[in-house]
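A.B. asks: Per the working numbering, the very first residue in the sequence shown carries number 4; after that it's consecutive.
Built from N, CA and C at the ideal position, the CB exists for glycine as well.
Remember, predicted model here, so these are calculated numbers, not experimental data.
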Amino acid sequence: MKTGPLSLPVILLALMLAVGILAAGCTNPPAQPPVVPPASPPTLAVTPVSSPLPPSPSCSLVPGPTQVVPDYESVSITVDRNTISESPTITTTFNGGKGLGMVQTMTVTLIRSDCQQDVQVREDPGIGTSVTQMGTTGTDRVVVSVVMTSGDPYTVIDGLYPFAPKL
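1) Our contact map puts residue 124 next to residue 145 with C-beta atoms below 8 Å; I'd like the distance itself, whole angstroms only.
2) Residue 161 by DSSP, collapsed to three states: which one?
3) Please list, in chain order, all residues of the same chain as residue 64 whose beta carbon is under 6 Å from its beta carbon, the five residues on each side excluded.
4) Express the C-alpha separation of residue 130 and residue 80 in angstroms, rounding to a whole number.
5) Considering residue 126, what are the terminal residues of the beta strand (DSSP E) in which it resides?
6) Run the CB neighbour count on residue 138, radius 10 Å, all protein chains shown included, and call it buried at 16 or more, exposed below.
7) Relative to the C-alpha of residue 133, which candidate in 97, 150, 165, 119 has its C-alpha closest?
8) To the nearest angstrom, how far is it from the Cα of residue 171 to the Cα of residue 151?
9) Should residue 142 and residue 68 be called a contact, given that it needs their Cβ atoms to be closer than 9 Å?
10) If you count every other CB in all the chains shown that lies within 10 Å of the CB of residue 165, and 16 or more means buried, which is it?
11) Distance, Cα to Cα, residue 103 vs residue 126?
12) Only counting the same chain, and skipping five residues up and downstream in sequence, which positions put a Cβ closer than 7 Å to that of residue 128?
13) Is residue 163 buried or exposed, if buried means 16 or more other CB atoms sit within 10 Å of its CB?
14) What number of angstroms, rounded off, separates the C-alpha of residue 136 from the C-alpha of residue 76?
15) Where does residue 10 sit, in a helix, a strand or coil, going by DSSP?
16) How many Å lie between residue 60 and residue 117 at the Cα?
In structure tokens:
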């Protein structure tokens, strides 16, 4: 079995595909009741015309499950929200842990309340490695996944981060 530089892109692609499948969704708009035209003169026949509505874009702001990293590979990652409305950024920081040096990649996926997504990846993160993404003034979802040198992927954070200005 070949390992090395090819295995990392394959694992990363599989992880991103899995996150994309989980984050993507397809919903149809609720069925619209038929349009009843107002009463018209008996000489005119009005036939209601309905055109199908395109599916509305959807995104999931519902956090999913996280996995527990084995103790010997445990890592500390924090997510902080800037509450200044001119710059509602979200910063995710790798703080280390027993798994320091065992993390191949840290992937941070921001799912904004307006359904825009931003995915950023950091290779071999060290203490203080951070990702700063532009959030909204609503409630945004942050998903942080790591892939260990063993090849095992873990979703370590999946939470909602509301914008709440400091008073």
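C.D. replies: On the basis of the coordinates in this document:
1) Going by Cβ atoms, the distance from residue 124 to residue 145 rounds to 14 Å, so no, they are not a contact pair.
2) strand
3) 144
4) 10 Å
5) 120 to 126
6) buried
7) 97
8) A question about residue 171 goes unanswered here, because the residues of the chain that appear run from 4 up to 170.
9) no
10) exposed
11) 13 Å
12) 97, 106, 109
13) exposed
14) 26 Å
15) helix
16) Caution is warranted here: a pLDDT of 48 is assigned to residue 60, below 50, making its placement in the model unreliable, and the coordinate value is therefore given only provisionally. Using only the alpha carbons, I get a separation of about 10 Å.
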